[in-house]
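Those sequence lines, one after another, are chains U and E.
Counted the way the numbering used here counts, the first sequence spans residues 2 to 465.
Counted the way the numbering used here counts, the second sequence spans residues 340 to 439.
Inspection log for the structure reproduced underneath, given as structure tokens.
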Amino acid sequence: MTSSRPDAGSFRDRSGRVFLLDERVYRTVMPVAAADFEFVRSTGLIDALIAEGRLIQETIADREVLGEVGRKARYVLEHPRLPYVSYPYEWPFAALKAAALLQLDIHLAALKRGVTLSDASAYNVQFRGARPLFIDALSFRRYVEGDYWTAHRQFCDQFLNPLLLRALLGVPHNAWYRGSLEGITAEEMSALLPLRRKLSWNVFTHVALQARLQRGTQRDDKALARAQARKLPLIGFQQILRGMRNWIARLEPKVSGKTVWADYAREHSYEDEDERRKRQFVAEFVAARKPQMLFDLGCNTGDYSKLALDSGAGYVVGFDFDQHAVQAAFRQSSAERLEFLPLILDATNPSPDQGWAEAERAGFTRRSPADAVIALALIHHLAIAKNVPMDQVIAWIVAMAPQGVIEFVQKSDPMVQRLLQLREDVFDDYDQETFERLLAGRASIVKSVEVSTRGRRLYWYRRD
Amino acid sequence: MTTDIHERPTRGAAAGLGARRSALMVAALLFHSAPSHAYLDPGTGSIILQGLLAGIAVALGVARAYWQRIKAFFARADSEIAERNDPTSPTEESKAKSPQ
């Protein structure tokens, strides 16, 4: 038997941990958490949330499956494996907002059954397509009359403040969040916001006042003792959660999403003959290979991701660094309930292994490979706009999946010309012949077709 | 524990009851302590803030409950007056006269 390995991101809560064994996911429930575990399951909350598709499924497994580790636990649960694990710093605004609302809705539903949540970590929410799913079966605890919302500060750091950064200041949360894995604190947010923003009741209380109270009472043991002695009535707890929910439901990125979406819709016309040929080739590739997991690099608004799903792909993860495009893609996936998860990613600086021991949150490469990859209209952005040598671009894509489709865009193409407009053309080796030679050096070219009169060409490769 | 009694009170007598219970509950909670089972540090700022927000929420809840009771009182008085004065309100006499 292969031995199980603990998931590197699950160590904070002593109630239990996640273990991976032979591609299966197990969770231990330690004796210290057994009473809460049993009580919470007796309320019917867990079954209800699973039935609604809001909580990950769980079945009680044989403890022996984890050997020594399992014997120390009171229970061992098995969870279904998620198609792809993503992190809040890779989510578009709409995804972070959907995750925040799920967290609050679950907490409100839990309180009705005498259950509360011990934390509010954004990493406890994952996505299936654009549908948020709560994955921490051990966040649930028995609610005791008077309990505070222990995770209020964590909720603000990991959901509220990153959303406000975009909604109030127009700055996407992703880069900051990636550098600061626990989110943005009230003190930091408060320092950034102009006074007029703090005049709103919600911003004033949850950001400015919280920051002030936190600063003012940090070394004040008396204030802490006073706070601990006071209790929060249930009605107040629910009111705070509802208020937060209503507020977050109204938040939108500062630049109106609608205009941008409309612009993208206009730019993407399928009447185009080039577009039609390109779609046909991609559809043929996907239909022939039927990949379970397909990566769409430079997915834009997800047109080709959707095409891939329609052609027989099981699940598509799209990556793009354009906030508006990924936001639009996410909304479409959400509206049509697609098996498509669009994420923010800068190909020249993908998410690294990071967090505790540089392993807590897996980097982009550690979450590969996919069964197939498509990289359409991407090469020139990396090889010309970002100066990455073409051989390295090809190596990176080919390493990501054993087969795929790559589009090569000629230097004469207006899109490439635009990239070169204000700079010297130092790319002597950027031509079709070199591209073909380099790709052939790393994989077999199964098929290629010219998809535009301007010389855009698609290559179907297979790694040997 | 029961949660249903804390649902937002609606109107009339129920509102008064909700208000009294909320007020009693606040008083009870101030002198009652419950175990904490957090593995997170909730932060003093957040705890003090929640105390303040809860106080405001409860005060508003109580005020709303009494306001509903006052409104319900006048609404009842109004409808009684309206019933007496409204010639179109169906009476046994008018029902008997209506065509079959």
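The beta carbon of each residue, even a glycine, is placed where N, CA and C say it ideally should be.
Any Cβ of chain U closer than 8 Å to the Cβ of glutamine 389(E) would place that residue at the interface, and such an atom is present.
Non-local C-beta neighbours of threonine 186(U) in its own chain, meaning closer than 6 Å and more than five positions away in sequence, comprise Asp158, ordered along the chain. Taken atom to atom, the span from the alpha-carbon of glutamate 59(U) to that of glutamine 293(U) is near 23 Å. Assignment of tryptophan 461(U) by DSSP, reduced to helix, strand and coil, places it in the strand class.
Between the C-alpha atoms of tyrosine 144(U) and glutamate 53(U) there is a straight-line separation of about 22 Å. Taking C-alpha positions only, glutamate 188(U) is separated from isoleucine 385(U) by approximately 41 Å.
In this structure, Tyr76(U) is the residue among Ser306(U), Arg368(U) and Tyr76(U) with its C-alpha nearest to the C-alpha of alanine 35(U). Inclusion of tryptophan 150(U) and glutamine 389(E) in the CB contact set at 8 Å is warranted, their separation being smaller than that value.
Going by beta carbons, isoleucine 345(U) and asparagine 162(U) fall outside the 8 Å limit.
Leucine 139(U) is positioned such that its CB atom lies no closer than 8 Å to that of aspartate 63(U). Across the structure, isoleucine 375(U) and leucine 298(U) are spaced so that their CA atoms are roughly 6 Å apart. According to DSSP, serine 445(U) shares a beta bridge with Arg463(U).
Proline 93(U) places its beta carbon less than 8 Å from that of glutamine 328(U). If only complete runs of 4 or more residues are kept, the segment 170-205 of chain U shows the alpha helix (DSSP H) at 175-180 and 187-193, in order along the chain. Interface annotation, alanine 393(E): in contact with chain U, CB-CB separation under 8 Å.
Here methionine 391(U) is near aspartate 430(U), since their CB atoms are less than 8 Å apart. Annotation: the continuous beta strand (DSSP E) that includes glutamate 79(U) extends over 76-80.
Within chain E, the residues placing a beta-carbon under 7 Å from that of threonine 218(U) are Thr383, Gly384 and Ile387, ordered along the chain.
When Cβ-Cβ separations below 8 Å define contact, alanine 404(E) makes no contact with chain U.
If you ignore the 5 residues before and after arginine 198(U), its C-beta comes within less than 8 Å of the C-beta of Leu169 and Val204, all in its own chain and listed in chain order. Secondary structure note for alanine 326(U): its alpha helix (DSSP H) is the uninterrupted segment 324-337.
The alpha carbon of proline 234(U) has as its nearest neighbour, out of Arg338(U), Ser16(U), Gly115(U) and Phe286(U), the alpha carbon of Gly115(U). Apart from the 5 residues on each side of it in sequence, arginine 179(U) sits with its Cβ closer than 6 Å to the Cβ of Tyr90 in its chain, given in chain order.
For phenylalanine 409(U), the secondary structure class from DSSP, reduced to helix, strand or coil, is strand.
A Cβ-Cβ separation of about 6 Å places valine 26(U) in contact with valine 19(U) under the 8 Å criterion. Tryptophan 150(U) has a beta carbon lying within less than 8 Å of a beta carbon in chain E. By the neighbour-count definition (other C-beta atoms within 10 Å, threshold 16), glutamine 418(U) is an exposed residue. Tyrosine 462(U) has its alpha-carbon roughly 13 Å from the corresponding atom of aspartate 372(U). Residue Ser449(U) holds the alpha-carbon nearest to the alpha-carbon of arginine 278(U) among Ser16(U), Gln104(U), Leu67(U) and Ser449(U). Linking methionine 190(U) to valine 208(U) through their CA atoms gives a straight-line distance of about 7 Å. Counting along the chain, tyrosine 88(U) sits inside no alpha helix (DSSP H), nor does DSSP assign it H or E at all. Residue contact check for leucine 420(U) against chain E: no CB pair falls below 8 Å. When DSSP reads this structure, glutamate 451(U) sits in a beta bridge with Arg458(U). For chain E, the residues of the segment 120-134 of chain U that bring a beta carbon within less than 8 Å of one of its beta carbons are Asp120, in chain order. Beta-bridge partners assigned by DSSP to tyrosine 316(U): Met294(U).
Less than 8 Å separates the beta-carbon of alanine 444(U) from that of aspartate 465(U).
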